Each structure stands twice: as structure tokens, then as C-alpha cells.
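*Asks:*
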Amino acid sequence: MTISDEPRITGRGIRQSMSDLHTWAGLLLGWVLYAMFLTGTVSYFKDELSQWMRPELPYQAQLPDQAVVAQRVADAFSKDMPGSPQWSIKLPDARNNSVYAFWRTGPRSADSRGFGEGYFDPATGQKVAARDTLGGDFFYRFHFQFHYIPVLWGRLLAGAAAMFMLVAIVSGVITHKKIFTDFFTFRWGKGQRSWLDAHNALSVFGLPFHFMITYTGLVTLMAMLMPWGERVAFQTPVERQQYASELSAFTQPGKPSEQAVPLASVESMVRQAQDRWGRDNVGRVTASLAGDAAARVVVTRSEAGRVSMSPQSMEFEGATGKLLSIRESVGAAAETRGVLYGLHLGRFSDTVMRWLYFLVSLTGTAMVGTGLVMWTVKRRHKLPDPARPHIGFRIVERLNVSTIAGLSIAMTAFLWANRLLPLSLAARADVEIQVFFMVWALTLAHAMIRRPKAAWVEQLWIASAMLALLPFLNAATTSRTLWHSLTDGDWVFVSVDLMCWALAALHAVLALRTARHQPTARAARKRHPNPGAGPLLRGEGA
Amino acid sequence: MRHLLPFVLCLAGFAGLALATERQQRTCFGGPLRAVTTYVLRAAGVSVLLFALGILITWQSAGLGLVTFSGLTSLTAGIVYCALLGVARTRAP
Chain C
0 MTISDEPRIT GRGIRQSMSD LHTWAGLLLG WVLYAMFLTG TVSYFKDELS
50 QWMRPELPYQ AQLPDQAVVA QRVADAFSKD MPGSPQWSIK LPDARNNSVY
100 AFWRTGPRSA DSRGFGEGYF DPATGQKVAA RDTLGGDFFY RFHFQFHYIP
150 VLWGRLLAGA AAMFMLVAIV SGVITHKKIF TDFFTFRWGK GQRSWLDAHN
200 ALSVFGLPFH FMITYTGLVT LMAMLMPWGE RVAFQTPVER QQYASELSAF
250 TQPGKPSEQA VPLASVESMV RQAQDRWGRD NVGRVTASLA GDAAARVVVT
300 RSEAGRVSMS PQSMEFEGAT GKLLSIRESV GAAAETRGVL YGLHLGRFSD
350 TVMRWLYFLV SLTGTAMVGT GLVMWTVKRR HKLPDPARPH IGFRIVERLN
400 VSTIAGLSIA MTAFLWANRL LPLSLAARAD VEIQVFFMVW ALTLAHAMIR
450 RPKAAWVEQL WIASAMLALL PFLNAATTSR TLWHSLTDGD WVFVSVDLMC
500 WALAALHAVL ALRTARHQPT ARAARKRHPN PGAGPLLRGE GA
Chain G
0 MRHLLPFVLC LAGFAGLALA TERQQRTCFG GPLRAVTTYV LRAAGVSVLL
50 FALGILITWQ SAGLGLVTFS GLTSLTAGIV YCALLGVART RAP
């Protein structure tokens with residue numbers, strides 16, 4: 000055996016290397032990941048949250064016939080916007096009590112976005128005067144593209160964070176050597192060991208979900224993160240159109256014939272779709288060149304009950320109502336993408352499944368949060384002087400407070416702003432978002448000027464109080480009080496109120512435990528061999 | 000019923016698996032159980048979980064069944080974990 004054949008003796012094993020990778024991959028974008036996880040978790044109920052944030056829209060006791068609703072709104076469009084080259088309506092379903100509509104107004108210019116959007120009452124087909132808000136869509140969009148930065152940059156950041164997360168998950172699994180033996184282990188009151196056990200439990204119980212959600216999150220951004228294959232494979236406009244049709248049922252309007260012909264019965268078209276997919280399973284109706292002889296209507300199937308986002312649609316000739324084509328399958332690659340996309344969004348879920356998504360995603364949020372806190376817990380006793388940590392440690396500590404406790408405050412402030420801002424306020428939806436960011440910035444400022452432990456406790460109490468009072472604010476500012484909602488059977492409003500109290504209790508427990516936390520004698524001895532250094536502990540974080 | 004039976008089965012499965020670990024046997028029974036009992040608990044836990052998966056796939060389709068199973072296992076493992084935590088806290092000296 001030559002020297003080169005001998006096994007190389009290295010000082011660090013694979014687990015130690017992976018542990019370092021796990022630590023730093025988790026920390027560097029950990030705050031971004033925490034915000035993505037929490038807003039993503041809330042987004043599983045974005046439609047319900049949007050309902051709560053538009054209390055003017057009446058409670059929908061019974062799901063209306065989608066075919067009738069589609070005809071009502073189509074009539075409103077024919078009357079009010081006859082020249083629109085294209086309109087598209089999302090029909091009400093079990094989670095939406097209004098019709099969301101999007102319509103083109105003409106070419107895009109410096110003065111015009113080129114489209115309009117609004118909400119319509121399913122009962123009348125008329126536009127409803129709901130307060131101006133992005134609703135739950137704000138959290139949904141923030142989750143993958145953030146705000147105040149260009150959409151492309153936001154999505155690139157989200158993609159980079161997701162890649163870091165994937166690395167952290169894989170390296171975490173390799174690092175965790177007793178994944179099965181310690182599956183149910185929690186050692187109470189052991190400081191760093193307890194944090195590690197909690198982090199492991201939160202990670203391992205939801206591991207399939209955490210891996211799936213991170214990987215599929217990357218799939219949703221894959222065309223942006225790796226556009227080269229697509230550019231090579233689809234070069235001509237026809238190829239690109241074919242490619243687009245595999246991913247979405249949405250098509251660009253064609254050329255008008257300039258021959259006016261009224262749109263045939265939309266109700267009849269939706270009725271055919273209902274016969275095929277079920278009464279409440281129609282998602283969207285899109286009409287191009289309505290009122291022209293060349294009009295086309297595409298009725299799209301909803302995502303409910305099928306684990307795929309691949310488009311399924313029926314195309315009709317607008318002038319006659321004749322069925323032109325049915326599309327219910329796409330190619331294998333597009334279907335793979337559709338399934339992965341569908342798994343991420345979870346729109347196929349019934350109520351129970353949606354709650355499972357929410358709860359397991361919440362454990363993912365807690366996994367990232369405990370990981371961030373553990374970074375400081377693990378390093379604190381190694382500091383030469385814990386009372387005066389180095390700048391990097393201080394930054395991490397402060398960012399942890401404002402990201403974990405501060406984000407709860409900011410998100411709740413967003414809901415408070417929804418109830419408190421005047422309805423006539425110009426650009427009201429934007430102001431709600433500004434409130435969110437201003438409050439979040441204030442929590443960072445607070446964390447900077449207060450000692451870490453005090454900042455944790457105070458911010459957790461503020462979050463708890465704001466959450467606990469939100470149902471009362473709702474009762475004071477709207478007619479949708481808890482008792483009315485209970486009487487009406489309006490479970491969306493009931494659930495939001497109860498969830499606020501549950502989360503308030505959670506934050507209160509965390510605040511109490513943080514306030515009562517005293518470092519163990521062993522940890523204190525490690526940090527302060529000199530007994531006179533005891534009072535310095537008061538300044539330590541949780 | 001559509002979700003309740005798989006939920007109960009997953010809960011039972013994880014309870015069996017948890018009680019098949021030595022650390023939890025010490026917590027719950029004061030010491031390790033016989034090897035045979037441990038094997039039976041482990042086999043029963045895995046079998047019940049697989050049975051729950053089979054039911055979900057049969058009732059809901061492969062795709063939906065797998066997703067539901069993943070969610071239910073996370074939830075029930077968390078419940079068993081919290082229950083064990085409670086037992087450990089009440090029996091702590």
C-alpha cells in the first residue's frame with residue numbers, strides 16, 4: 000500500500016461538517032425563512048382571511064349555483080364594459096363568498112395599467128363596495144416575493160432562501176444521528192439540550208412536509224431560477240404558446256372579427272362543465288372578445304379535490320355556445336410540475352386537510368424559530384463575557400426578537416389597521432401594508448434599545464394583547480361580532496376570533512416562560528465563575 | 000369518520016412506537032419492558048400505521064391519501080409527544 004492509498008485521517012467527521020453547514024445555512028437566511036414560513040402558513044387560510052378583512056361582503060350561508068352566478072356577472076360585463084377585450088371571473092366556492100373579476104381595459108400605457116379588477120356580489124352580479132384591502136393575499140404575495148422590492152428580486156431572494164432551507168434540511172437529517180432512537184425525546188429544563196430536543200421534534204415530526212414544501216417551493220420558481228432549458232426548448236411563438244397552454248388555461252385574446260354578435264348563454268356553458276366536473280367544481284370563466292363573432296369562452300375546473308394545478312378546461316365558441324374542445328390532461332413533465340405545484344399550494348384540500356397543512360406548516364415555522372434561538376443559546380456560554388457579547392451575537396439576538404415576536408405584532412397590526420383605517424382613505428390597501436412595515440420596523444428599534452430578555456418579554460406580551468383584543472375590535476367596528484357569527488353559523492369569522500385568542504394564549508405562555516426563565520446553576524457557573532458577576536444575568540436573553 | 004378512523008389508527012400506531020423505545024418505557028413503566036413486548040409494540044405500531052395508509056389510499060385515492068397520511072402522522076406524532084411530555088412531568092420527582 001502506498002502512502003496515497005492509505006485512508007486520510009481528518010479531524011472532522013461528516014456529521015460535524017454537516018452540523019456546521021446546517022447551522023450556517025439555517026442562520027444566514029433564517030430570518031427571511033421565518034417570515035416566509037409564517038406568512039406562508041397563514042396563506043393556507045388566505046381566502047378566509049380575505050373574507051374577514053372584507054366584512055361588507057355578506058356571509059354566504061349556502062353556496063349559490065355557479066352557472067347562475069356566472070351569467071349574472073357576464074350580463075353585468077356586457078352592460079358596463081362592453082368593449083373589454085377579455086374578462087375573467089373566479090366563481091364563488093365554499094371558501095369565497097364573492098366573485099373576483101379581472102378585465103382588460105385596453106393597451107397598457109404610462110397612465111393605465113391596462114386592466115381592472117373588483118369583487119362582485121354573487122346574488123346580484125353587481126360590484127360590491129368592500130373596503131380597499133389586499134386581504135390575505137398580502138401575506139400570500141409577501142411569502143414568495145416580499146414587498147418594496149422588484150418582484151423579480153423578491154422571488155430570487157425567496158428562491159435563494161428556499162435553497163438554503165433545502166440544504167439545512169438535508170444536512171440536519173445527516174447531523175441528527177439518533178433520528179429514530181430520540182424520536183419522542185424531550186429533556187425538560189436542560190437549557191441548550193431542551194432547545195435541541197424541541198428543534199428536533201418540530202423538524203422530525205413534520206419532516207416529509209418540510210422537505211416537500213421546500214422542494215415544491217423551488218419548483219414553483221423553477222422557470223425563473225433556471226430559465227435556460229425553457230429558452231432552448233421553446234423558441235418560436237407557437238412553441239411558447241404550446242408550452243404556456245400546458246401550464247395554464249389562461250390565453251391571450253385573439254383578433255376581433257369586427258362583427259358584433261352577442262355572447263351566447265354563459266350559464267349553459269358552465270352547466271355543461273358542472274355536468275362533467277360536479278356542481279361546485281367550476282373555478283373560473285374567461286371570455287375573450289365578448290360581443291364579437293370571434294368570441295371564445297373558457298370554463299376552467301377548480302383545483303378542489305385533485306392534487307394537481309395542471310389546467311383542465313372546456314372551450315366554447317362565444318357567439319353560439321358550441322363546445323369546441325375539452326382539455327383534461329397535459330404532458331408528463333407538465334403534470335409532474337402540476338402535482339408538485341398543487342402539493343405546495345394545497346388548494347385541493349378540504350377543511351381538515353387545510354388545518355393539517357396549517358398546523359404542520361406552523362411546526363415548520365417553529366422549527367426555524369427554535370433554530371434561530373438555539374444559535375444564541377448554544378453560543379452564549381462560550382462567550383468570554385456574556386454581558387458584553389460581540390457585535391455579531393448582538394445582531395443575531397436583536398434580529399431574532401424582531402423577526403419572531405416582532406412579526407407576530409406586525410401581522411396583527413395589519414389586521415388592526417384593516418379595522419381602524421377610515422374606509423374613505425385614499426390608497427387604503429397600501430396604507431394597511433405601510434402600517435405592517437412601520438410596526439415591524441418599530442419592533443426592531445425596540446429590540447435594539449432594550450435588553451434582549453426584556454425585549455422578548457415585552458414584544459411577546461404586546462403580540463398577545465393585540466391578538467386577544469382583536470375580536471373585540473372586530474365587534475366594535477363591524478356588525479360581524481362573535482355571537483352573531485355563532486348564531487349565523489359563519490365559521491370563518493368564528494374561527495378567526497377563536498384563533499386570535501388561541502394565538503394570544505400561546506404568546507402569553509411564551510412571554511411568561513421567558514420572563515420566569517433563569518439560567519441553570521451549571522450554565523450560570525460556566526458563564527460567571529466569579530460569584531459577583533451574578534446580576535449581569537439579568538441582561539441575558541431567553 | 001372519513002378522517003377520524005385514520006386519525007385514531009395513526010395515534011395508536013405512534014403510541015405503540017413510542018412505548019417501544021427504552022427511554023419512554025423508563026418514563027412510563029419505570030424500566031425497560033421485555034424484548035418480546037418491545038418487538039410486539041414496534042410491529043403493531045408499524046402495522047397500524049400501514050393499515051391507516053391503506054385505508055386512506057382506498058378511500059381518497061393514492062395522491063390525496065398519501066398527503067392526508069403525511070399530515071395525520073405529523074399531527075399524531077406531535078400529540079403522542081406532548082402526552083409523553085405530560086407523563087414525564089407528572090412523574091418527575
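Protein sequence lines correspond, in order, to chains C and G.
For the record, in the first sequence the residue sitting at position 92 is 91 according to numbering that gives the first Met the number 0, with numbers rising by one throughout.
For the record, in the second sequence the residue sitting at position 88 is 87 according to numbering that gives the first Met the number 0, with numbers rising by one throughout.
Glycine is no exception: its CB is placed at the ideal position from the N, C-alpha and C atoms.
Computed from a predicted structure; not experimentally measured.
Please classify H389/C: is it buried, with 16 or more other beta-carbons within 10 angstroms of its beta-carbon, or exposed?
*Replies:* With fewer than 16 Cβ atoms within 10 Å of its Cβ, H389/C is classed as exposed.
*Asks:* Going by DSSP in three states, A569/C sits in which element: helix, strand or coil?
*Replies:* Coverage of chain C is limited to positions 0 through 541, which leaves residue 569/C absent and any answer about it impossible.
*Asks:* Mapping DSSP to helix, strand and coil, what is L83/G?
*Replies:* helix
*Asks:* Report yes if the CB atom of A289/C is closer than 8 angstroms to the CB atom of S77/C, and no otherwise.
*Replies:* yes
*Asks:* Bridge partners of V284/C, per DSSP?
*Replies:* I88/C and V298/C
*Asks:* Hey, F44/C and G135/C: beta-carbon distance below 8 angstroms or not?
*Replies:* yes
*Asks:* Enumerate in chain order the residues of its own chain whose CB-to-CB distance from A34/C is below 7 angstroms, with the five nearest sequence positions on each side excluded.
*Replies:* The answer, listed in chain order, is T402 and L406.
*Asks:* Note down the Cα distance separating A157/C from F141/C, rounded to an integer number of angstroms.
*Replies:* 10 angstroms
*Asks:* Which residue wins for smallest C-alpha separation from G30/G, given the options Y38/G, T20/G and S73/G?
*Replies:* T20/G
*Asks:* Output yes or no for whether 8 angstroms exceeds the beta carbon distance between T375/C and L201/C.
*Replies:* Not closer than 8 angstroms, so no.
*Asks:* Measure the alpha-carbon distance for T480/C versus W490/C and round it to whole angstroms.
*Replies:* Approximately 12 angstroms between the Cα atoms of the pair.
*Asks:* Between which two residues does the alpha helix (DSSP H) harbouring E229/C extend?
*Replies:* W227 to A232
*Asks:* Check this for me: beta carbons of G282/C and R300/C, under 8 angstroms apart or not?
*Replies:* yes
*Asks:* Taking just the CA atoms, how far does L16/G sit from R41/G?
*Replies:* 5 angstroms
*Asks:* Relative to the alpha-carbon of D496/C, which residue among T476/C, V508/C and L468/C has its alpha-carbon at the smallest distance?
*Replies:* L468/C
*Asks:* Measure the Cβ-Cβ separation of S360/C and G337/C and say whether it is below 8 angstroms.
*Replies:* no
*Asks:* Show which residues of chain C have a CB atom less than 9 angstroms away from the CB atom of T37/G.
*Replies:* Per Cβ cutoff of 9 angstroms: no residues; T37/G is ~13 angstroms from chain C at best.
*Asks:* Which ranges would you report for the alpha helix (DSSP H) in the stretch 458–483 of chain C if only whole runs of at least 4 residues count?
*Replies:* Counting only runs of 4 or more, we get nothing.
*Asks:* To which residues of the same chain is V395/C closer than 8 angstroms at the C-beta, ignoring the five residues directly before and after it?
*Replies:* Answer for V395/C: L26, L371, W374 and T375, listed in chain order.
*Asks:* Starting from S83/C and walking both ways along the alpha helix (DSSP H), at which residues does that stretch end?
*Replies:* Taken as a continuous stretch (DSSP letters only), S83/C belongs to no alpha helix (DSSP H), as it is neither H nor E.
*Asks:* Which of the residues in the stretch 40–59 of chain G, read from start to end, lie with their CB under 8 angstroms from any CB of chain C?
*Replies:* Near chain C, meaning a CB-to-CB distance below 8 angstroms, no residue of the stretch 40–59 of chain G qualifies.
*Asks:* State yes or no: is the beta carbon of F183/C nearer than 8 angstroms to at least one beta carbon in chain G?
*Replies:* yes
*Asks:* Just tell me which of Q517/C, A503/C, T476/C and L511/C has its CA closest to the CA of F53/C.
*Replies:* The sequence given here has Arg at residue 53/C, not Phe. Comparing Cα-Cα distances from R53/C to each of Q517/C, A503/C, T476/C and L511/C, the minimum goes to T476/C.
*Asks:* Excluding the 5 residues flanking P121/C on each side, which residues of the same chain have their C-beta closer than 6 angstroms to its C-beta?
*Replies:* P63, V68, P91 and V98
*Asks:* Would a C-beta distance cut-off of 8 angstroms place Q71/G and F28/G closer than the cut-off?
*Replies:* Before going on, a small fix: residue 71/G reads as Leu here, not Gln. The beta carbons of L71/G and F28/G sit no closer together than 8 angstroms.
*Asks:* Name, going along the chain, the residues of the stretch 303–319 of chain C whose beta-carbon falls closer than 9 angstroms to a beta-carbon of chain B.
*Replies:* Absent from the structure: chain B. Protein chains present are C and G.
*Asks:* Nearer than 7 angstroms: is that true of the beta carbon of T20/G relative to any heavy atom of the ligand MN?
*Replies:* The model depicted lacks the ligand MN and carries no ligand whatsoever.
*Asks:* Looking only at its chain, what residues have a beta carbon closer than 7 angstroms to the beta carbon of G341/C, apart from the 5 residues adjacent to it on each side?
*Replies:* E302, V306, S307, M308 and F347
*Asks:* Count the other C-beta atoms from every protein chain shown that fall within 10 angstroms of the C-beta of T369/C, then say buried if there are 16 or more, exposed otherwise.
*Replies:* So T369/C counts as buried.
*Asks:* Taking G205/C as the query, report the chain G residues whose CB atoms sit under 7 angstroms from its CB, ordered along the chain.
*Replies:* S73
*Asks:* Do A222/C and V31/C come within 8 angstroms of each other at the CB atom, strictly closer than that value?
*Replies:* no
*Asks:* Taking all protein chains shown into account, decide if M437/C is buried (16 or more other Cβ within 10 angstroms of its Cβ) or exposed.
*Replies:* exposed
*Asks:* Please report the straight-line C-alpha distance between H146/C and A259/C, rounded to a whole angstrom.
*Replies:* Their Cα atoms are separated by approximately 43 angstroms.
*Asks:* Starting from I173/C and walking both ways along the alpha helix (DSSP H), at which residues does that stretch end?
*Replies:* V150 to T174
*Asks:* Could you check whether the Cβ of A11/G sits closer than 8 angstroms to any Cβ belonging to chain C?
*Replies:* No - not a single Cβ of chain C is within 8 angstroms of the one on A11/G.
*Asks:* Can you tell which of A75/C, Q85/C and P81/C has the C-alpha that lies nearest to the C-alpha of Q125/C?
*Replies:* A75/C
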